[in-house]
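In our numbering, the protein residues as written are 355 to 491. A short write-up of the structure that comes next.
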């Protein structure tokens with residue numbers, strides 16, 4: 355959905371390979387097969403925060419901002435971008451005080467939720483379990 359084009363462009367722009375860091379140590383580039391964010395694709399992640407609806411140009415602007423220390427804010431999730439050290443603590447389960455801030459869902463996700471409510475769909479309505487715990491349609 356555009357992520358491969360962004361990745362290829364950043365490889366050339368930053369003059370690094372996959373899983374490599376720029377000589378200034380400010381940006382590491384890593385290919386990720388799926389960010390589970392197709393409703394906002396293409397997405398770029400920085401320290402596990404989402405930057406949605408990216409283009410090669412906006413991805414270049416993002417990494418330029420990261421390299422110059424500009425105030426870079428994710429498009430959803432936490433209201434501010436944290437450092438990798440802070441992200442590591444969050445991923446380990448330590449509280450960060452940001453759980454109730456920022457944008458947690460946007461129009462693309464909410465459209466699906468509205469459709470599900472209109473149709474009366476529920477997470478458990480897709481099947482039943484018998485005594486053998488098999489899922490049946």
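Virtual Cβ for every residue (Gly too), placed ideally from N, Cα, C. Since the model is a prediction, treat every value here as computed from it, not as a measurement.
In this structure, the alpha-carbon of residue 438 lies about 6 angstroms from that of residue 401. By the Cβ neighbour-count rule, residue 373 is exposed, with fewer than 16 other Cβ atoms within 10 Å of its own. When the Cα atoms are used, residue 422 and residue 368 turn out to be separated by approximately 14 angstroms. Judged by DSSP secondary structure, residue 404 falls within the beta strand (DSSP E) whose first and last residues are 403-405. Distances from the CA of residue 392 to each of 380, 381 and 406 were compared; the closest alpha carbon is that of 406. In the structure shown, the three-state DSSP call for residue 375 is strand.
The Cβ atoms of residue 460 and residue 430 sit closer than 8 angstroms to each other. DSSP places residue 383 within a strand segment (E or B) once states are collapsed to three.
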